[in-house]
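Asker: In the numbering used here, the protein residues as written are 730 to 1177. Here a beta-carbon is modelled for each residue, glycine too, at the ideal position from N, C-alpha and C. Model, not experiment: these values are computed from the prediction.
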Amino acid sequence: MELQGQRVMVIGLGISGRAAARLLAARGAQLVMTDRNADLAREDLPAGTVHLGAEDPAWLDAPAHVDLVVASPGVPQTSTLMSAARARRIPIVGELELGSRFVSAPMVAITGTNGKSTVTVLLGEICKAAGMQTFVGGNLGTPLADAAGAAYDVAVIEVSSYQLELIETFKPHVAIHLNLTDDHLDRYRDLGEYGRAKARLFENQDASDWAILNRDDPHVWKLAREVRAHVFSFGFERPAPAAPNLSSAIWCDSDALAFVDGTRSGRIALSRFALPGRHNLLNAMAAVAAALALGVAPQTIERALTRFTGLPHRTEFVRDLNGVSYIDDSKGTNVAAVVEALGATAAPVILIAGGVDKGGDYAPLRAPLTEKVKLLILIGAARDKMRTALEGATAIETAPALAEAVRIAAAHARRGDIVMLSPACSSFDQFKDYAERGRVFQELVRAL
C-alpha cells in the first residue's frame, strides 16, 4: 500500500485511530483526523488537520480531496462521514486492515463472542514460551498498526466483528472462531448479520492456512463446510474418526487434552491448569490447537498452560471477607458470558448486573439465576428492562449505581456466599469501559 503523499482521513481518534494515524504519518500520508467528541484531547496526534465535533462531509473535499478513509472500529457504517465517503467512491478500510498491510509476520487472529481476550493472551504466552518474538494485541490492548515494520515471528491478535467489517486483504495464517451468541444487536440486525461479520475472518485464507473451529457451537461449526483453510476443530467429545473435516482435532480426555493434527498425536495434561469452568477448557483447546498448527512442541504448550492464571476482570478473585468471596467478572458484557461465569461458580451467588443494554435476549439467564443466584442486584440504564425480563427467576433489587449495589450485596451476604459482578451489559452509561467498571468494583470491595 503506497501512502506517500496520499491524503488520508482517520475517523475516530481513540486508541485504534491514533495508532492508524501514527502509521499513516510514518509512511508519508497527509492526515485529516476527525472525532465526534468536541472535547477530545489533541495531545500526541501527528501533524495534520483536526476536525472535532459534528461530522461534516465537506471535510472530505476541502482543502483537498481525500484519497483514503481509515475508520476506527467504533465508527458505525451509517455515520455521516462514512456514508459520504462511500457516495464519493473513496476507499474505506479499518485500522486492522491498514496494520496488516505492513506486518510481515504470520498472523493468528482470534474472534468469537466470548473468550477472545483469554485465548489471545494464553496463545501469546505459549508462543513466547516457545522462544518466538510475539506481538499480542489487536482489539485487546495494542492495535495491530503499532506492530507495523517490527521484527516479530508471529502476531497474535484479538479481532472483533467491528474490525472485520472493513477488511479487504487481511489474511491470518491461523484463524480461530470460538463461539457465536447474541451480542452487539444494537449494531447488527440479528444474529445472522453479526455472524456474517465474524465469518469474514476466513474469507482470504487458502489451503495453506488453518481455521480453528468450535465443533460444539453449531453457528461456528457450519463454517467447516465453507472455509478453504485446513480445519482444526475443538470440542469436548472425541470426534468420530470417519467424520469430515476432522483429520486435525482436539478434545477432552479425562484430565488431559488429546489431539491429532495431521502429523502428530498426543496428550497435554490439564492437572495444573488454573482457570475454572467449561468455557475455559474450550478456550484452552482453541489456544492449544493454534499452537500446534504453528508447530509448537506439546511439552512447551503444557508448561505454558500451568503458568497461566487468567486475565483481569474475567472471574477474577478480589478478596474473601468474613467467609464471603468477591469475584470481578466485569468483562461479562453479554448474556452468554454471564451464563458461563455462573456455570463456573458455586452457589449461592449474589449477582450484580446491568449497564447499557446491547439488544440481546435476557431469557437464557433465567435458569442459572434460579439454580444458583439468591439475589440479583440490577444497576444502570438497563436495570428496569432486565427486571421485567427476569422477574420471578430469583429475588431482585435495583440500585442506581455500582457503589450502592456493593453495599446491598455486602449487607445480604453470608459466610459461604459469592458476590459477583457480571453485568451482561456494556459499561458506557457510568464508566469509560469494562476495565474501569471492574477497577471501581474492586476498590469498593476492598473498602468494605
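Could you pull out every residue in the same chain whose Cβ sits closer than 7 Å to the Cβ of glycine 743, ignoring the five residues on either side in sequence?
Answerer: Ser801, Gly803
Asker: Is it buried or exposed for arginine 1144, if we count other Cβ within 10 angstroms and need 16 for buried?
Answerer: exposed
Asker: May I have the straight-line CA-CA distance separating arginine 996 from leucine 942, to the nearest angstrom?
Answerer: 19 Å
Asker: Is it buried or exposed, glutamine 806, if we count other Cβ atoms within 10 angstroms and call 16 or more buried?
Answerer: exposed
Asker: Hey, how far is the Cα of glycine 1052 from the Cα of alanine 1142?
Answerer: Glycine 1052 and alanine 1142 have their C-alpha atoms spaced approximately 9 Å apart.
Asker: Among Arg1112, Ala1122, Leu1034, whose alpha-carbon lies nearest the alpha-carbon of arginine 1001?
Answerer: Leu1034
Asker: Serine 1155: which of Glu731, Ser983, Leu914, Pro872 sits nearest, CA to CA?
Answerer: Leu914
Asker: Quick one: measure Cβ to Cβ for valine 1047 and leucine 1080, integer angstroms, because I've assumed they're closer than 8 Å.
Answerer: In this structure, valine 1047 and leucine 1080 do not form a Cβ contact; the two beta carbons are roughly 15 Å apart against a cut-off of 8 Å.
Asker: So does the region 769-786 actually touch the region 857-868, counting three or more Cβ pairs closer than 8 Å?
Answerer: no
Asker: Can you tell me the Cβ-Cβ gap for leucine 1098 and alanine 1122, rounded? I've got them flagged as a contact below 8 Å.
Answerer: 4 Å
Asker: Under DSSP, the beta strand (DSSP E) around threonine 1099 begins and ends at which residues?
Answerer: Boundaries for threonine 1099: no beta strand (DSSP E) harbours it, while the alpha helix (DSSP H) harbouring it runs 1095-1101, taken from the DSSP string.
Asker: How about valine 1078 and leucine 1071: do their beta carbons lie closer than 8 Å?
Answerer: One thing to note: valine 1078 has its Cβ within 8 Å of the Cβ of leucine 1071.
Asker: For arginine 715, collect the residues of the same chain with a Cβ closer than 7 Å to its Cβ; drop the 5 residues on either side in sequence, then sort them by chain order.
Answerer: This structure cannot settle anything about residue 715, because the visible part of the chain is limited to 730 through 1177.
Asker: For the alpha helix (DSSP H) holding cysteine 856, just list the boundary residues, first then last.
Answerer: 845-858
Asker: How far does the alpha helix (DSSP H) with tryptophan 950 in it reach, from first residue to last?
Answerer: 947-950
Asker: Decide if lysine 1185 is buried, meaning its Cβ has at least 16 other Cβ atoms within 10 Å, or exposed.
Answerer: Any property of residue 1185 remains undetermined from this structure, which presents the chain solely from 730 to 1177.
Asker: Please name the residue or residues paired with glutamate 977 in a DSSP beta bridge.
Answerer: Note on residue identity: the sequence assigns serine, not glutamate, to residue 977. Bridge partners of serine 977 according to DSSP: Phe961, Asp990.
Asker: Which one of Leu1040, Pro872, Lys900 has the shortest CA to CA distance from proline 1005?
Answerer: That would be Leu1040, whose Cα lies nearest to the Cα of proline 1005.
Asker: So what does tyrosine 1055 bridge to, in DSSP terms?
Answerer: Arg1048, Val1148
Asker: Are isoleucine 1106 and alanine 1130 closer than 8 Å when you measure CB to CB?
Answerer: no
Asker: With three or more beta-carbon pairs closer than 8 Å as the criterion, would you say the region 1133-1141 touches the region 1011-1027?
Answerer: no
Asker: Do proline 792 and threonine 809 have their beta-carbon atoms positioned less than 8 Å apart in this structure?
Answerer: Contact check for threonine 809 against proline 792 fails: the beta carbons are separated by 8 Å or more.
Asker: Could you give the first and the last residue of the continuous alpha helix (DSSP H) run that contains leucine 752?
Answerer: 744-755
Asker: Have a look at the DSSP bridge pairing and note the partners of isoleucine 1079.
Answerer: Leu1104, Val1148
Asker: Which partner residues does glycine 867 have in the DSSP bridge list?
Answerer: Beta-bridge pairing by DSSP links glycine 867 to Glu887.
Asker: So who's on the other strand from valine 837, going by DSSP bridges?
Answerer: Answer by DSSP bridge pairing, in chain order: Val885, Val903.
Asker: Excluding the 5 residues preceding and the 5 following lysine 845 in the sequence, name in chain order all residues of the same chain whose CB lies nearer than 6 Å to its CB.
Answerer: Around lysine 845, the same chain offers Ile839, Glu887 as residues with beta carbons nearer than 6 Å, after the five sequence neighbours per side are excluded.
Asker: Between valine 799 and valine 822, which are expected to be in contact by the criterion C-beta below 8 Å, what is the C-beta distance as a whole number of angstroms?
Answerer: 6 Å
Asker: Excluding the five sequence neighbours on either side, which residues of its own chain have a C-beta within less than 6 Å of the C-beta of arginine 736, listed in chain order?
Answerer: Gln759, Ala793, Val795, Asp796
Asker: To the nearest angstrom, report how far apart aspartate 982 and glutamate 1045 are at their CA atoms.
Answerer: 27 Å
Asker: What separation, rounded to the nearest whole angstrom, lies between the Cα atoms of alanine 1118 and aspartate 1086?
Answerer: About 12 Å.
Asker: Just the C-alpha distance for leucine 852 and aspartate 790, rounded to the nearest angstrom, thanks.
Answerer: 44 Å
Asker: With DSSP as the reference, please indicate the residues paired to alanine 985 in a beta bridge.
Answerer: Asp982, Ala998
Asker: In or out: serine 977 buried (at least 16 other Cβ within 10 Å) or exposed?
Answerer: buried
Asker: Going by the CB atoms, is the gap between leucine 907 and asparagine 843 shorter than 8 Å?
Answerer: yes
Asker: According to DSSP, simplified to helix, strand and coil, what is isoleucine 1137?
Answerer: helix
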